[in-house]
Amino acid sequence: MRKVFSMALVFGLMLCLFPGCTDKPADDDPQAGKVYYLNFKPEANDDWQMVAAKYKEEKGIDVKVVTAASGDYEKTLGVEIDKENPPTMFQVNGPIGLSTWKDYALDISDSEIYKELISDDFALKQDGKVYGIAYVYEAYGLITNKKLLADAGYSIEDIKDFASLKRIAEDIHSRSKELGFDAFTSSGLDGSSAWRFSGHLTNLPLYYEFTADNVTTQPATIKGTYLDNFKAVWDLYINNSATDPKTLTSKTGDDAVAEFKEGKAVFYQNGTWEYANATAIGKENIGFLPIYFGVDDAKQGLAAGTENYWVVNSQVSEADQKATLDFMKWLATSETGTMALSSGEMGFTSPFKSAKKPDNGLYAILDDMLAKGDTTSVKWMFPYTPNTDAWRAEVVSALAAYSAGTGDWNGVKTAIVDGWSKQYQASHQ
Amino acid sequence: MKKTTKRSSAAVMNRSQRRSMRAFAPLFLLPTVAAFCIGFVWPFLQGIYLSFFRFKTLKFTTFVGFDNYEKALEDETFLRSFLFTVAFTLVSVTVINLVAFAIAFVLTKGIKGSTVFRTVFFMPNLIGGIVLGYIWKMILDGVIIRFLGSTLALNATYGFWGLVILLCWQQIGYMMIIYIAGLQNVPTEYLEAAKIDGAGSFQILRHIIIPTVMPSITICTFLTLTNSFKLFDQNLALTGGAPFRQTEMLALNIYQSFYNSVSNMGIGQAKAVIFFVAVVIIALSQLYFTRSREVQE
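Protein chains in written order, with the working numbering: chain R, 1 to 429; chain P, 430 to 726.
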């Protein structure tokens, strides 16, 4: 009797150890499938949680949204995708990201969401098949405080090229004490801010080099033809700001935002996604300038593109895949879905036929520039970067050393050019 | 009174009862054994297994033999982080143990407020590594920017000493508690006898106290040695390896090659196995050497 009792106890204990085996929620319809989206944009996390709740309300399907920390998307995805309930929907940054996650990318050539795209340019294809759907079109440049510019005696029209940007920025910096503000926000090299430079600013030399050399796939090596221009812009940033260049590694993204919001600096390099923050200075005061690079300034537009493609996980059940595709379609077509994508922190311009225009002044400026047609957008080349995180980390270290005077510009060149081939080798071994 | 009841109840328990008690042994062992297997043995074995594969996720793996080990040993950042870790371990083990012993020695002298001091010194140990790392980053950056015109992330030397300071601050209190326990066990008869024989305080320390607290020294050096060698959280939060991965310790190096690689995480896995072997060799040889100096009372 006692033996039976102890056996039963042991067995009961074992059951307690594996809760997953016993507590299957009974009210869930296994045929319905579920959606798990691994979100890339930390700033839009709250909005995504709201969308998930609304979808549950309207369609009764569970949507789980998890947001990866800034700069940690690949790590998080790598961990999550190995779990028993992996993301059914995740994102890749372009062709290189797709080749990394090819084993998990579902062919969605026949999906309804694909038919919702306004142009085939926004589909991510490989070998003629569609694997990714761009869901947002973005642009970055110099977000400008027009009011402060006027206080300093200039208007945004005065800035037409790198030379005029430099002249005005240096003038503002030299009078910063009497004006009460400076030219540039801090170019922080803390992880929360460094991507603006290691990712977005380095895109300019890459873009001009790749355009000149007709590069259309990931190159094994780069030449660094336009790194002198890069240096000129970087020098302009760090020498015309209230922040001591020696302390950049301790400056965060929040620091730069705060400086811009409080009207302590005129120029803030960032993109359309920062509109909600930028409105703190008054919608009417927001300007948006290309990062003039001194190559072809008269024609240079904002840097516009996307590194955000939705991918459906090919390794989850068909029910989940279907639920995920339904969710995507709902986002792109339904009233609630399109509203959600185009408002709040998301405020996306999405390349879908029934997408709503976001209330986003930065997009409005981009649209104006595109409509005028006398400039060409700088394309996003950074999705070609090999081993992105590792490459960027070295560029940041080199920029930090250069800015603080403990390293020289050659270090930055090495990190960018030699670092590229090194990481290309590492990612192709 | 107590003793007698105990003995009588033991006498009452007959053989069959004892056997039935024994039948419960698996039940009581089960949670720990299961946790140990799930949390340690299985991942460990799988880790070794995976180090022979090229993989990005566990679903798609390709066998590559010792290829990952070759690549791991060819990696110069791995070697550099090894040397950095060794240097860091030597410095921090020495400093932590000397200071912890000194504080414990003073606090067992019966000065006023000893208990308060013990609590205060112990408290840093209760804060997690990442939090400590970020707090100390702010503190140290503030000081370094003000007086040296640089930052932690710019200078590997500052990074090194920053890590030493951080780990000392965190670990000294814990080691102090162990030393206090050891020092309180030094028999007063020995001390009195030595005093009567005319031994000076240094001689007492050298010939009476240190030999008797040797077990504490063994455990403290073991703990500090392995803790310093395996340091990760504090390293990640304080310097993150900057500048140019020069302040990257072994664990962080493994983490980086595991997660920053788009094609093959197997190299990181191979490094982790090498790392494990290194930790075991170092820890066991340290135990052997200090144990041999312990005296039996």
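For glycine and all other residues, C-beta sits at the position ideal for the given N, C-alpha and C. These figures come from a predicted structure and were not determined experimentally.
Determine the burial state of residue i: buried for a count of at least 16 other Cβ atoms within 10 Å of its Cβ, exposed for fewer.
i	result
R/A298	exposed
P/C466	exposed
P/K478	It should be pointed out that residue 478 of chain P corresponds to Tyr in this sequence rather than to Lys. Looking at its Cβ environment, which holds fewer than 16 other Cβ atoms inside 10 Å, P/Y478 is exposed.
R/H173	buried
R/G33	buried
P/G468	exposed
P/F704	buried
R/S187	buried
P/M678	buried
P/I625	exposed
P/G578	exposed
R/I133	buried
P/F631	exposed
R/D182	buried
R/D389	buried
P/F507	buried
R/A220	exposed
P/L474	exposed
Identify, in the order they occur along the chain, each residue of the same chain with its Cβ nearer than 8 Å to the Cβ of residue i, setting aside the five sequence neighbours on each side.
i	result
P/I637	V615, Y619, L620, A623 and A628
R/P383	N93, G94, P95, I96, G97 and E307
P/G494	F481
R/Q321	G33, T88, L106, V312, N313 and S314
In chain P, which residues lie with their C-beta within 8 Å of the C-beta of residue i?
i	result
R/T221	In chain order: nothing, as chain P lies at least about 18 Å away.
R/K246	I574, G578, S579, T580 and L583
R/G78	K485, T486, Y688 and M694
Under 7 Å Cβ-Cβ, which residues of chain R neighbour residue i?
i	result
P/I481	According to the sequence provided, residue 481 of chain P is Phe. The question's Ile does not apply to it. In chain order: nothing, as chain R lies at least about 16 Å away.
P/F489	D103
P/D570	S250
Give me, in chain order, the residues of the same chain whose beta-carbon lies closer than 6 Å to that of residue i; leave out the 5 immediate sequence neighbours on both sides.
i	result
R/I365	F288
R/D23	Low confidence applies here, because R/D23 scores a pLDDT of 42, under 50, leaving its location unreliable; read the following figure in that light. Excluding sequence neighbours, R/D23 sits near nothing in its chain.
P/Y563	A666
R/Y237	F184 and S187
P/G697	I683, S686 and F687
P/K500	I696
R/F293	L204 and N229
R/N410	none
R/G461	Lying before the first or after the last residue shown, residue 461 of chain R is absent from chain R, which here runs from 1 to 429.
Per DSSP, residue i is paired with what?
i	result
R/P89	Checking the sequence shown, residue 89 of chain R turns out to be Met, not Pro. Bridge partners of R/M89: R/Y37 and R/V312.
R/L448	Residue numbering for chain R in the displayed model covers 1 to 429; residue 448 of chain R lies beyond these limits and cannot be assessed.
R/G141	R/N270
R/D463	Chain R is shown from 1 up to 429; residue 463 of chain R falls before or after that span and cannot be answered.
P/R483	P/T491
R/G287	R/T144
R/Q126	R/K129
R/A323	For R/A323, which the question treats as bridged, DSSP gives no partner whatsoever.
To which residues of the same chain is residue i closer than 7 Å at the C-beta, ignoring the five residues directly before and after it?
i	result
R/V295	Y208, Y226 and N229
R/S250	D190
R/A400	L189, L248 and T249
R/G361	Y275, K283 and I286
R/I159	L165, I168 and L289
P/R722	M643
P/F651	A712, Q715 and L716
P/K431	Here the model assigns P/K431 a pLDDT of 45, short of 50, so the residue's position is not dependable, and the following value carries that caveat. Hits under 7 Å: none found.
P/F589	F517 and T676
P/F492	F481 and F482
What does residue i reach in chain R if we use C-beta pairs closer than 9 Å?
i	result
P/I559	Result: empty, since nearest Cβ-Cβ is about 13 Å, beyond 9 Å.
Mind pulling the chain P residues with CB within less than 7 Å of residue i?
i	result
R/S377	Going along chain P, no residue has its Cβ under 7 Å from R/S377, so there is no contact; the nearest lies around 28 Å.
R/K75	Y688
R/S397	A671, P672 and F673
R/E58	Within 7 Å Cβ-Cβ: nothing; R/E58 doesn't reach chain P, min ~33 Å.
R/A390	N689
What does residue i reach in chain P if we use C-beta pairs closer than 9 Å?
i	result
R/D82	T486, L487 and K488
R/A276	None at all; the shortest Cβ gap to chain P is about 26 Å.
R/N387	N689, S690, V691 and S692
R/E394	F673 and R674
R/A400	T580, A582, L583, A671 and P672
task: Identify each residue in the region 285-318 of chain R for which the Cβ-Cβ distance to at least one residue of chain P is less than 9 Å, and report them in chain order.
output: Q315
Inset, instruction - Below 7 Å between beta carbons is the criterion; list the residues of the region 402-420 of chain R that meet it against any residue of chain P, in chain order. - result: A404 and T406
Taking a cut of 9 Å between CB atoms, which residues from the region 638-672 of chain P lie near chain R?
G669, G670, A671 and P672
- Message: Please list, in chain order, the residues of the region 483-516 of chain P that have any C-beta partner in chain R closer than 8 Å.
- Response: K485, T486, L487, K488, F489 and K500
Practice task
Output, in sequence order along the chain, the residues in the region 189-212 of chain R whose CB is closer than 7 Å to any CB in chain P.
Solution key: none
Any C-beta of chain P within less than 7 Å: which residues of the region 114-125 of chain R qualify? none
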